[in-house]
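Before any comments, here is the structure.
Protein chains in written order, with UniProt numbering: chain B, 1 to 334; chain W, 1 to 334.
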């Protein structure tokens, strides 16, 4: 019996905002299982902004996606067949073999999900890479202290919504920035002390001065652009900027323009540090030990935006840059 | 007998490049010495880029200079009269009461120079604030390790020339950037491994790739602009950028443009940190204990560019932004 896998391939490298036409769905025959291999059917595919970077040819911290072969990314699935002693049929596993509905992998490409009654797809969001990113940025990069003021951009996204909640739990005052009235309301339910709807705030600089008259101690940056300029003007002395994402630039066709007021970094003796979560992965167990019990106790929440079916993957991905997600963007497979 | 002091005052706040007409020389009568006060005649006045920031009204880490009163800055002088037990006639002292030929100060505004046969004016340059800035940036901010590659802009200036020498002593490979053939030659005598004349290098990015194929570990930034863009593109993973000065922006009339490739900070997990030396001053003794013996042994050198007479102070200051100094810019009083 030959088993088919459906997968989304990159047809051409997007210029500017990606479009549906940059992607194509293909069907491939899965190979027979060899010794040490496992066959998995995916239920959940992760949709993340960082994937945009890999669609260009530019050298980055991970190699660019190849054209005409399956894209990859986080995925949660169920073992269907196994020729490795560590995996049994029915096991829930995560992998980086997303953008496809089924796969054959070597055992070391799979991770069995921790034992919890929480929904499996949380391991792509709040309990996975985005949640870990929030935790690393606040704890290991910014070294957030109780009583400090935190600003986070894209606050209602998968990373941002965990930044808001983890910062509140750490005793910080939290200002979130987001782009719609619904998202403002959502951030209030997460405990954000103040929320800025940046689309309706003509003077971000003045608004931050009003909301953080003593200055911002930690800026968790996911966006770039005008908010970074405004944040730099409103940082407190010795403030820390965690540079996690610059989503505003990801689809820019030319070279992006940087902050116009970099001199604030000197004046206020700021530290700006780039964060890529993978190099902190040895702390993932520590992170889970903190956040799994908090989710089980209902003390942390995670919102999800779910698209249905493999074919919706490109639209879900494009939706990230149109602000269509609240919390984690996911594609659910049938 | 009334004693006169001549001083340079700020007549109006410069817009863009300062001009001679922004300054005026005034004559004031020094007050009679009261208990606890000391009268000093200055011999050397310090000329520093940071003074430009204080000529604008913008709030910074030090208050702006007031119009129509004496400017201030580093100075070295000799005690002429004293009503304080810690200071005797003939003592060599440093103060922040520059831009004038004589002064009356409270004892706590003066610091007696350490006991050394080295020229007194070194305490305005290599043994003073600029040298200390280099030392703090390399040791306390960048935490430079032997074998790393250091890039420094404005490398032939008072700070840069100490960065070059201290980094070489720490076992680093050093690339300096400067703006004339004479300065290139000077930097070679200081031990720089590679020197870029940025005025004659059309593609800074490619030149840095050629000179630092393994990447730059520490960028000591005094300038900003195109060199910062090029450096960001050529930083090594986990590189550190010490943001010490952005002299290219100091005379800019509008808002400066920032680095166009800030995403490199994320990709390479860089740290960019602002440095203001004053908040590290508790380590000044440690710095002197290291560098005074090195100067006495001839293992460190300091070049000076000397203008003569108080009236030349504005021209010396403007000259900083025209690249007229090699090493420390000083004004010598008769």
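Every residue gets a Cβ at the ideal spot worked out from N, C-alpha and C, and that includes glycine. All figures in this text were calculated on a predicted structure; none of them were measured in a lab.
Using a C-beta cutoff of 8 Å, does residue i count as contacting chain W?
| i | result |
| --- | --- |
| residue 183 (chain B) | no |
| residue 258 (chain B) | yes |
| residue 279 (chain B) | yes |
| residue 157 (chain B) | no |
| residue 140 (chain B) | no |
| residue 10 (chain B) | no |
| residue 310 (chain B) | no |
| residue 127 (chain B) | no |
| residue 262 (chain B) | yes |
| residue 224 (chain B) | yes |
| residue 211 (chain B) | no |
Less than 8 Å between the CB atoms is what I'm expecting for residue i and residue j, so what's the real figure, rounded?
| i | j | result |
| --- | --- | --- |
| residue 235 (chain W) | residue 266 (chain W) | So it is not a contact: roughly 12 Å between Cβ atoms. |
| residue 218 (chain W) | residue 242 (chain W) | 7 Å |
| residue 133 (chain W) | residue 244 (chain W) | 6 Å |
| residue 71 (chain W) | residue 9 (chain W) | 7 Å |
| residue 190 (chain B) | residue 161 (chain B) | 6 Å |
| residue 284 (chain B) | residue 53 (chain B) | In fact, because the Cβ distance is near 22 Å, the residues do not count as touching under 8 Å. |
Got a sec? Which residues, its chain only, sit under 6 Å from residue i by beta carbon, not counting five neighbours each side?
| i | result |
| --- | --- |
| residue 304 (chain B) | 327, 328, 330 |
| residue 314 (chain W) | 20, 23 |
| residue 211 (chain W) | 175, 194 |
| residue 136 (chain B) | 277, 280 |
| residue 246 (chain W) | 224 |
| residue 258 (chain B) | none |
| residue 323 (chain W) | 179 |
Excluding the five sequence neighbours on either side, which residues of its own chain have a C-beta within less than 7 Å of the C-beta of residue i, listed in chain order?
| i | result |
| --- | --- |
| residue 187 (chain B) | 155, 156, 164, 176, 178, 195 |
| residue 388 (chain B) | With chain B running from 1 to 334 in the structure shown, residue 388 (chain B) is simply not present. |
| residue 166 (chain B) | 134, 135, 138 |
| residue 183 (chain W) | 156, 326 |
| residue 207 (chain B) | 196, 201 |
Assign residue i to buried or exposed, taking buried as 16 or more other Cβ atoms, counted over all protein chains shown, within 10 Å of its Cβ.
| i | result |
| --- | --- |
| residue 37 (chain B) | buried |
| residue 42 (chain W) | buried |
| residue 228 (chain W) | buried |
| residue 7 (chain B) | buried |
| residue 280 (chain W) | buried |
| residue 336 (chain B) | Not covered by the structure: residue 336 (chain B). The range shown for chain B is 1 to 334. |
| residue 32 (chain W) | exposed |
| residue 34 (chain W) | exposed |
| residue 145 (chain W) | exposed |
| residue 100 (chain W) | buried |
| residue 85 (chain B) | exposed |
| residue 158 (chain B) | buried |
| residue 200 (chain W) | exposed |
| residue 128 (chain B) | buried |
| residue 29 (chain B) | exposed |
| residue 12 (chain B) | exposed |
| residue 27 (chain B) | exposed |
Consider the Cβ of residue i: report whether some Cβ of chain B lies at a distance smaller than 8 Å.
| i | result |
| --- | --- |
| residue 265 (chain W) | yes |
| residue 273 (chain W) | yes |
| residue 61 (chain W) | yes |
| residue 249 (chain W) | yes |
| residue 323 (chain W) | no |
| residue 246 (chain W) | yes |
| residue 187 (chain W) | no |
| residue 320 (chain W) | no |
| residue 208 (chain W) | no |
| residue 243 (chain W) | yes |
Within its chain, find whatever has a CB closer than 8 Å to the CB of residue i; leave out the 5 residues flanking it on each side and keep chain order.
| i | result |
| --- | --- |
| residue 88 (chain W) | 79, 82 |
| residue 111 (chain W) | 93, 94, 95 |
| residue 58 (chain B) | 64 |
| residue 181 (chain B) | 197 |
| residue 270 (chain W) | 232, 235, 238, 239, 240, 241, 264 |
Using a cut-off of 8 Å between C-beta atoms, extract the partners of residue i located in chain C.
| i | result |
| --- | --- |
| residue 276 (chain W) | Going by chain labels, chain C is absent from the structure shown, which instead holds the protein chains B and W. |
Could you check if residue i belongs to the surroundings of the ligand HEM, using beta carbon to heavy atom distance under 7 Å?
| i | result |
| --- | --- |
| residue 187 (chain B) | With respect to the ligand HEM, the structure offers nothing, as it holds no ligand at all. |
- Starting from the N-terminal side, write out each stretch of the beta strand (DSSP E) that is 3 residues or longer and does not extend beyond the stretch 269-296 of chain W. 271-274
- Query: Mind pulling the beta strand (DSSP E) runs of 3 or more residues that sit fully within the stretch 132-214 of chain W?
  - Reply: Whole beta strand (DSSP E) segments, 3+ residues: 149-152, 173-178, 194-197.
- Query: At which residue ranges does the stretch 31-87 of chain B contain complete alpha helix (DSSP H) runs of 4 or more residues, listed in the order of the chain?
  - Reply: Within the stretch 31-87 of chain B, the complete alpha helix (DSSP H) runs of at least 4 residues are 51-54.
- Minimum length 3: unbroken beta strand (DSSP E) runs contained in the stretch 224-274 of chain B: 235-243, 271-274
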